[in-house]
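A.B. asks: Sharing a structure with you now.
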Amino acid sequence: MKILVLNGPNLNLLGTREPEIYGRETLADIETELRTTFPEVEITFRQSNSEAELITWIGETRGVFDGIVINPAAFTHTSLGLCDAIKAVSDVVPTVEVHLSNTHQREEIRHKSLTAPACIGQIMGFKGFGYTLAMRAILNRLSA
Ligand code: DQA
Numbered sequence: 077m078k079i080l081v082l083n084g085p086n087l088n089l090l091g092t093r094e095p096e097i098y099g100r101e102t103l104a105d106i107e108t109e110l111r112t113t114f115p116e117v118e119i120t121f122r123q124s125n126s127e128a129e130l131i132t133w134i135g136e137t138r139g140v141f142d143g144i145v146i147n148p149a150a151f152t153h154t155s156l157g158l159c160d161a162i163k164a165v166s167d168v169v170p171t172v173e174v175h176l177s178n179t180h181q182r183e184e185i186r187h188k189s190l191t192a193p194a195c196i197g198q199i200m201g202f203k204g205f206g207y208t209l210a211m212r213a214i215l216n217r218l219s220a
C-alpha cells in the first residue's frame with residue numbers, strides 16, 4: 077500500500093509554531109510516528125509552502141499512490157485549486173483531510189474547508205495523533 081502524506085504551508089514550523097494550538101511535536105516527529113506505527117505501508121511524506129507544488133503532487137498520484145492524507149493548512153480555507161486536484165484523482169485515489177487543531181473552535185474564517193468536500197472524510201482536533209487516525213481511516217477504506 078502506497079500512501080502520500082502531504083502537508084501545507086507553515087507546517088514545516090511545527091514544534092515552535094503556536095504550540096498551544098498545534099502541539100510540540102515537529103513534522104519529523106509525526107513522520108517518525110507514522111513510519112513506526114505503519115511499517116507495512118510505503119509512506120511518502122512531503123511538505124510544501126507552495127499551493128502549485130501541492131496541486132502538482134496530487135495530480136501525479138494516479139497510478140502511483142493508493143491514497144492521500146493531507147493537511148492543507150491555510151490552503152484549506154482558500155484553495156479551490158487544491159479541491160479540484162483532489163477531486164480530479166478521487167475516482168482511484170481517495171483522500172483523507174487532517175487538521176491538528178479543531179478549526180471549528182477557532183476564528184470563523186477557519187470553519188469552512190474548501191477541500192473537505194473532495195475528501196472521503198476529515199479528522200481534526202487531536203494534534204499529531206490525528207495523522208495516525210487519518211492513516212487508519214484511509215487504510216480501512218482501501219481494504220474495504
Ligand atoms: C491547520 C488549521 C489551519 O486553519 C491553519 O491555517 C494551519 C493548520 C491545522 O492543522 O490545525 O496552518 O490546518
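Quick note on numbering: our numbering labels position 49 of the sequence shown as 125, and the sequence is numbered without any gaps. Every residue, glycine too, gets a C-beta built ideally from N, C-alpha and C.
(1) Which residue's Cα is closest to the Cα of Thr102: Gln198, Thr92 and Leu130?
(2) In whole angstroms, what is the alpha-carbon distance linking Thr154 and His187?
(3) Note down the Cα distance separating Ile97 from Ala220, rounded to an integer number of angstroms.
(4) Would you kindly check if the distance between the Cβ of Leu176 and the Cβ of Leu90 is under 9 Å?
(5) Measuring alpha carbon to alpha carbon, tell me which residue in Val168, Phe141, Asp160 and Val174 is nearest Ala150.
(6) Using the three-state DSSP reduction, which class does Met211 fall into: helix, strand or coil?
(7) Check each candidate in Met77, Ala128, Glu129 and Pro148 and name the one with the smallest Cα separation from Phe114.
(8) Any heavy atom of the ligand COA inside 8 Å of the beta-carbon of Arg111?
C.D. replies: Short version:
(1) Here residue 102 is taken as the residue at index 26 of the sequence shown, counted from 1. Comparing Cα positions, the closest option is Thr92.
(2) Numbered from its first residue, the sequence shown carries residue 154 at position 78. Numbered from its first residue, the sequence shown carries residue 187 at position 111. Approximately 12 Å, taken between the alpha carbons.
(3) The residue given as residue 97 occupies position 21 in the sequence shown. The residue given as residue 220 occupies position 144 in the sequence shown. Going by the C-alpha atoms only, they are around 34 Å apart.
(4) Counted from its first residue, the sequence shown places residue 90 at position 14. Counted from its first residue, the sequence shown places residue 176 at position 100. Yes, Cβ-Cβ distance for Leu90 and Leu176 is below 9 Å.
(5) If you number the sequence shown from 1, residue 150 lands on position 74. Nearest option by C-alpha distance: Val174.
(6) Translated into positions along the sequence shown, residue 211 becomes position 135. In this structure, Met211 counts as helix in the three-state DSSP scheme.
(7) The count along the sequence shown starts at 1 and reaches residue 114 at position 38. Selected option, being the one with the closest Cα: Met77.
(8) No copy of the ligand COA occurs in the structure displayed; its ligands are the ligand DQA alone.
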